[in-house]
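Asks: In the working numbering, the protein residues as written are -11 to 77.
The C-beta atom is built at its ideal place from N, Cα and C for all residues, glycine as well.
Structure below; questions to follow.
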């Protein structure tokens, strides 16, 4: 049976993640407070950011920036604007 969390991003009770998606305290915080649905939305957005900016994920500075954007997206005010991106509404 899937665990349920009150998602901090989507503001409703939804199925949670099976395990922390990233190492460290941020991963634990995401696991405890973010739904699978919100995490999947982040993964899609992160992929778009990597492709749009041509990011090299082997670079530790890029990974650090993406984790910062992840935290802002899930728990804060959102990510930095992506050039030429028009959100689907």
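#1: Could you check what DSSP says for residue 64 in three-state terms: helix, strand or coil?
#2: Determine the burial state of residue -7: buried for a count of at least 16 other Cβ atoms within 10 Å of its Cβ, exposed for fewer.
#3: Give me the residue from 66, 58 and 36 with the minimum Cα distance to residue 17.
#4: Considering only residues of the region 11 to 66, which uninterrupted beta strand (DSSP E) runs meet the minimum length of 3 residues and lie entirely inside it, listed in chain order?
#5: State the start and end residues of the unbroken beta strand (DSSP E) segment that holds residue 3.
#6: Taking C-beta to C-beta, are residue -2 and residue 40 nearer than 9 Å?
Replies: Once the coordinates are examined:
#1: Locating residue 64 in the chain shown gives position 76, where the first residue counts as 1. Residue 64 falls in the coil class under three-state DSSP.
#2: As a first step, residue -7 is located in the chain shown; it is residue number 5 there, counting from the start. Buried: at least 16 other Cβ atoms inside 10 Å.
#3: Position 29 of the chain shown, counted from the start, is the residue given in the question as residue 17. That would be 58, whose Cα lies nearest to the Cα of residue 17.
#4: none
#5: Sequence index remark: in the chain shown, residue 3 carries index 15 (1-based). That run of the beta strand (DSSP E) goes 1 to 3.
#6: Numbered from its first residue, the chain shown carries residue -2 at position 10. Numbered from its first residue, the chain shown carries residue 40 at position 52. Not in contact: residue -2 and residue 40 (Cβ atoms no closer than 9 Å).
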